[in-house]
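First comes the structure, then the notes that go with it.
Residue numbers (UniProt numbering): 1 to 135.
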C-alpha cells in the first residue's frame, strides 16, 4: 500500500494518480454543504446504507462513495441538483423510471426542488450489488 503524503489516501499502486481530497469522510462532506441540502444528502446516505449494509463509506473522486469490492454508487451536491453516479448501465436499466430526470451515461440528476425518490435509489443500489456479484 502506498499513502499519499499530501492527503493521506491509501492506494495499492505506488505514486497512483489521484485528486487529493480535503474531506476525509462523508460527515465532513455533508457538513460543508448548504444547510438546506444537508438533510437531503443525509437521507440519500441513509437510503444507500440501508440498501447496502455491507458497503464501506469513503470519499472517492471528491464525492461520498459506497464501496463493496468496487464503487457501488457516488453522490454529490450541486447548485440545483444532487447527482448520483451508479455507473453507465444503471441509466439504461432504469430508463423508464428515470423519465423526467436529466441523465447522462452513469449519472442521474435529482433536482433540489422535487422530492427525492428514495425507492428508486434503493432499487438502483440493490441492482448494482446483484450485478457486481454476477461478475
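Backbone N, C-alpha and C define an ideal beta-carbon position, used for all residues, glycine too.
Bear in mind the structure is a predicted one, so any value in this text is a computation, not a measurement.
Please go through the UniProt domain "YdhG-like" (38-129) and give each complete alpha helix (DSSP H) segment of 4 or more residues, from N-terminal end onward.
38-51, 88-93
What would DSSP say about residue 28, mapped onto helix, strand or coil?
helix
Roughly how many whole angstroms lie between the Cα atoms of residue 24 and residue 124?
25 Å
Give the straight-line distance between the Cα atoms of residue 31 and residue 94, rounded to the nearest whole angstrom.
31 Å
Quick one: what's got a C-beta closer than 7 Å to residue 45's C-beta in the same chain, skipping five residues either side?
Exclusion of the five residues before and after residue 45 leaves 26, 64 as the residues of its chain whose Cβ lies within less than 7 Å of its Cβ.
Less than 7 Å between C-beta atoms, sequence neighbours within five positions excluded: which residues of the same chain meet that for residue 98?
91, 108
What distance in whole Å lies between the Cβ atoms of residue 80 and residue 39, which are believed to be in contact at a cut-off of 8 Å?
Not really, about 17 Å apart at Cβ, beyond 8 Å.
I believe residue 126 touches residue 51 by the beta-carbon criterion, under 8 Å. Please report the beta-carbon distance rounded to the nearest angstrom.
5 Å
Taking C-beta to C-beta, are residue 177 and residue 75 nearer than 8 Å?
An answer regarding residue 177 cannot be provided, because it is not within the stretch 1 to 135 covered by the chain.
Can you tell me which of the three DSSP states residue 12 falls into?
coil
Could you name the residues of the same chain whose beta carbon sits closer than 6 Å to that of residue 103, not counting the 5 residues immediately before and after it, in chain order?
91
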